[in-house]
Amino acid sequence: MSAQLGGQPIFILKEGGNRTRGRDAQSMNIAAAKAVAGAVRSTLGPKGMDKMLVDTIGDVVITNDGVTILKEMDIEHPAAKMMVEIAKTQDDEVGDGTTTAVIIAGELLKKAEELLEMDIHPTVITLGYRQAAEKAQELLKTIAIDVKAKDTAILAKIAGTAMTGKNAESSKDKLCDLIVRAITLVADADGTVDTENVKVEKRVGGSIDESEIIEGMIIDKERVHPGMPKSVKNAKILLLNAAVEYKKTEVDAEISITSPDQLQMFLDEEERMIKDIVEKIKASGANVLFCQKGIDDIAQHYLSKAGIFATRRVKKSDMEKLARATGAALISSIDAISADELGIAGIVEERKVGGEEMIFVEKCKNPKAVSIIIKGGTDHVVDELGRALEDALRVVACVVEDKKVVAGGGAPEVELSLRLREYAATQGGRIQLAIEAFAGALEIIPRTLAENAGLDPIDELVELRAAHEKGHKTYGLDVFDGKAVDMWEAGVVEPLRVKTQAISSAAEAAVMILRIDDVIASAKSAGPSPEEMAAMGGGMGGMGGMPPGMM
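Next up, the structure:
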């Protein structure tokens, strides 16, 4: 890139840098964003297809989860990366609707391109899109349906909608029950739900039907000593964040031993210290010990003799979940061990699952943290099931918190499209065209659902519009029968937050991409040439002996 000054070129960018301006820059960015939306479009809906992604080292991921596809794709273009950000935001905020958000953003840009061709200024388009997005949020609140957080039938339908089309159909009812049970157990008194408190353990072997919920925790560990009991009933659980070993001095100290007797006394004292720690644990009444740090070999022996079930190096996150599940307190000092700090579980047992030993902490009184074991025939099946389960857990948690849902199957999008067109007519001017474009873009969802199901998108869209014009707000597309039906009656429901977040993040990303009229790309820096390396080596006398790979 250079500028002219009195016939003399002035170089502003490094050689190899390039700059794209005006309509070219917009076209390039829009094309990249549309390509990303096109990549995930075929995965939408119950009849969406899956993608197989192979990374540089040959690992395979098979999924139809929008955010997983986009994370796994090695995307280079900066505008395309912004589309990936939409999916990530949607995933962080809601957990589902990632494909929807990306497809709407792609369609908003496609419609904007048509307006740019008509010489409508990007600022006018972005202003219209912002107005339309705000109005859409208002309208969504009017079409949302209130539900009770304890209405398990609705929660199961929400989970079912989130998992449809994600390889979980065969055992959908069973998995939905597990999800609703898990979320209702871990929900706090104030109505908030942290899905981190539902631990999902994936195991290859067996079938999906064998998946189960543990009202307590599963820890991927085994007891530290074979002499310990394999199973402890009426467990009194101690959670210790301190090492069960002799105390080392905090400062550097040297002990001078001059005779074998002194050495023996030193070793005996070490052993006595460890024995005292075990006695403290035993005196508290604990018969199960989960230790976040290490347990000395001698301590293992004494714990085993005391009949205490112990495991070490338990992850911090697992310790916190155990505390929520059993009611135990996390203790950071050996001196603080007391009977009041212990947690309770009906049974703590070591069992083999899928060829590996795991510890089950079950039959907790009021577990605020639970575990779900999911099983399947292959790694890929179990991984995809895990992703479907995570999505479903998140959306059920959203409904428990917000207590608002909307019908699925493209119903909200068609309703919004209709209402936004009415709103556009009240605005007039060029902004009206931008709002109408936004309204038209929302119809990409029912259109894509129809295309993925092998139906005629135009016929289906006409039927849906007609139903909504008659006042049927909850009518969406039944992809199995190819008809417009009442999605609320059919049990296809989604959290309101899925739609509000998808529309707002799609509109924001589209506006940001449209406002870019200049792309200045620096030249990619290559490594130094061999001659430059030699010169560097020559100029660094003291480092002349270093091998070239160290430079």
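Take 1 as the starting number for the sequence shown in the UniProt record's numbering and just add one per residue.
The beta carbon of each residue, even a glycine, is placed where N, CA and C say it ideally should be.
Out of curiosity, what's the CA-to-CA distance linking V94 and L289?
37 Å
Strictly by DSSP, which residues pair up with R19?
I520
Please state whether the Cβ-Cβ distance between E362 and I214 is less than 8 Å.
yes
Who are the near neighbours of G376 in its chain, counting only those whose CB is closer than 6 Å to its CB and skipping five residues on each side?
I208, V382 and L385
Of all the options D146, V396, M82 and K305, which has the alpha carbon lying nearest to the alpha carbon of L155?
Here the closest residue by C-alpha is V396.
Going by DSSP, name the residue or residues bridged to Y475.
D486
Fully enclosed by the region 12–100, which alpha helix (DSSP H) runs are 4 residues long or longer?
Entirely contained in the region 12–100, the alpha helix (DSSP H) runs reaching 4 residues are, in chain order, 22–41, 66–72 and 78–93.
Under the three-state DSSP convention, the category D177 falls into
helix
Name the two residues that bound the continuous alpha helix (DSSP H) containing V414.
A411 to Q427
Determine the closest residue to A243 out of A437, D297 and A283, with distance taken between C-alpha atoms.
D297
Would you check if there are 3 or more beta carbon pairs closer than 8 Å linking the region 124–137 to the region 495–508?
yes
Using only the alpha-carbon positions, how far apart do M52 and K71 sit?
13 Å
Using only the alpha-carbon positions, how far apart do G410 and K293 sit?
52 Å
Take R223 as the anchor and find which of F309, Y423 and G206 has the nearest alpha-carbon.
F309
Give the secondary structure of K148 by DSSP, where H, G and I count as helix, E and B as strand, and everything else as coil.
coil
Just to confirm before moving on: does the CB-CB distance between V406 and I179 stay below 8 Å?
no
With distances taken from CA atoms, which of L108, V60, N287 and I281 is nearest N234?
N287
Cα-Cα separation between H121 and K148, rounded to whole angstroms:
46 Å
Between the Cα of D335 and the Cα atoms of I374, K47, R465 and S284, which residue gives the shortest distance?
For the residues I374, K47, R465 and S284, the minimum Cα distance to D335 belongs to S284.
Could you give the DSSP three-state label for F480: helix, strand or coil?
coil
Using C-beta distances below 8 Å, list every residue in its chain close to I274, excluding the 5 sequence neighbours before and after it, in chain order.
V244, E245, Y246, D296, I298, A299 and Y302
Decide if T126 is buried, meaning its Cβ has at least 16 other Cβ atoms within 10 Å, or exposed.
buried
Alpha carbon to alpha carbon, what distance is there between D96 and D194?
16 Å
C-beta atoms of I75 and A105 nearer than 8 Å:
no
Three-state secondary structure (DSSP) of K280:
helix
Determine, using beta-carbon pairs with one atom in the region 446–463 and one in the region 471–484, whether at least three such pairs fall under 8 Å.
yes
Just how far apart, CA to CA, sit K321 and L239?
11 Å
Compute the Euclidean distance between the alpha carbons of K230 and T448, then round it to the nearest angstrom.
K230 and T448 have their alpha carbons spaced roughly 54 Å apart.
Apart from the five residues just before and just after S42, which ones in its own chain have a Cβ nearer than 7 Å to its Cβ?
These residues qualify, in order along the chain: G48, M49 and N452.
Apart from the five residues just before and just after R421, which ones in its own chain have a Cβ nearer than 7 Å to its Cβ?
E436 and A439
With burial defined as no fewer than 16 other Cβ atoms inside 10 Å of the residue's Cβ, what is the status of S417: buried or exposed?
If you draw a 10 Å sphere on the C-beta of S417, you find 16 or more other C-beta atoms in it, and that means buried.
Using DSSP's beta-bridge definition, name the partner residues of F360.
I218 and E349
DSSP puts K233 in a beta bridge; with which residues?
I347
Between the beta-carbon of I516 and the beta-carbon of A35, is there less than 8 Å?
No, they are not a contact pair.
E107 and A441 closer than 8 Å at C-beta
yes
Whose C-beta lies closer than 7 Å to the C-beta of K221 among residues of the same chain, with five residues either side of it excluded?
T311, V314 and I359
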